[in-house]
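As numbered in this note's numbering, residues 1105 to 1296 make up the sequence shown, in order. Quick reminder that beta carbons are idealized off the backbone N, C-alpha and C, glycines included. Since the structure comes first, as structure tokens, the remarks are kept for the end.
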Amino acid sequence: MTTTYTFDVFSSLDGFGTATGDWTGYWGKQGPELLSHRLSLYDEDQRMVFGANTYRAFAQMLADSGPDDDVRDPWVTRMRNLPATVISTTLRPPLDWPDATVAAGDAVDIVARLKEESPVPLRSHGSLSMNRALMAAGLVDRVQVTVYPVITGQTGTEPIFENAADFDLELLEAHTLDGNIQELTYRPTLHG
């Protein structure tokens, strides 16, 4: 039996994962519903899967943050305490992350094996290029996009689906949070 893999990502309306300038975490649009909902997503047992760049970014943000920073929201703390697999050919243990292991090799092979062996669902937050490759290989069961009510045409960085394959999407769930944030969960299938 194979477990499910969810690619979880934050996005501006125009498809960017982050932005420069004076944008803050969540593009400054977070509210109590979003934060409570995010926390509930991490209630169940699951294994996180990160690429090396996303792991480094999270570890650095946490190291640089103070106790009241967005990056220390309760859902992030809960996510950080879940077991994690970091896919990297350059990182070496120990990692600055509780219960994290490093898996060296091709992400497609590693995630295919994890899907077969893991007794709990798999979730990845971010890790854009890795997740685009996993989607193309048919290993992503759910794409969960949280769309923030902003357009970052001048300051947006990290286009989420840049150079991705073409996919048809079946909407599985939709939530409106804090009146203007959309969380959309899709089942992707390669188009054509």
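Which whole-angstrom value describes the C-beta separation of residue i and residue j, a residue pair presumed to lie in contact below a C-beta threshold of 8 Å?
i, j, result
"arginine 1142", "leucine 1226", "18 Å between Cβ atoms; not a contact."
"lysine 1219", "threonine 1106", "5 Å"
"leucine 1243", "tyrosine 1109", "6 Å"
"proline 1263", "glycine 1119", "6 Å"
Give the secondary structure of residue i by DSSP, where H, G and I count as helix, E and B as strand, and everything else as coil.
i, result
"glycine 1283", "coil"
"glutamate 1266", "coil"
"glutamine 1248", "strand"
"proline 1197", "coil"
"proline 1202", "coil"
"serine 1228", "strand"
"aspartate 1213", "helix"
Is it buried or exposed, residue i, if we count other Cβ atoms within 10 angstroms and call 16 or more buried?
i, result
"serine 1140", "exposed"
"serine 1144", "exposed"
"alanine 1123", "buried"
"valine 1224", "exposed"
"threonine 1280", "exposed"
Closer than 6 Å by C-beta to residue i: which residues in its own chain qualify, once you throw out the five before and the five after it? Chain order, please.
i, result
"threonine 1250", "Phe1114 and Glu1287"
"alanine 1208", "Thr1193"
"valine 1190", "Phe1154, Tyr1159, Ala1204 and Val1206"
Just grab the DSSP bridge partners of residue i for me.
i, result
"isoleucine 1255", "Note: isoleucine 1255 sits in no beta bridge, so no partner."
"valine 1180", "None; valine 1180 has no bridge partner."
"alanine 1207", "Ile1191"
"phenylalanine 1162", "Its beta-bridge partners do not exist; DSSP assigns none."
"leucine 1275", "Tyr1290"
"tyrosine 1146", "DSSP output for tyrosine 1146 lists no bridge partner at all."
Excluding the 5 residues flanking residue i on each side, which residues of the same chain have their C-beta closer than 8 Å to its C-beta?
i, result
"methionine 1183", "Tyr1146, Met1152 and His1229"
"alanine 1211", "Gly1155, Ile1191, Met1234, Ala1237 and Leu1238"
Excluding the 5 residues preceding and the 5 following residue i in the sequence, name in chain order all residues of the same chain whose CB lies nearer than 7 Å to its CB.
i, result
"glycine 1260", "Ser1116, Asp1118, Phe1120 and Ala1123"
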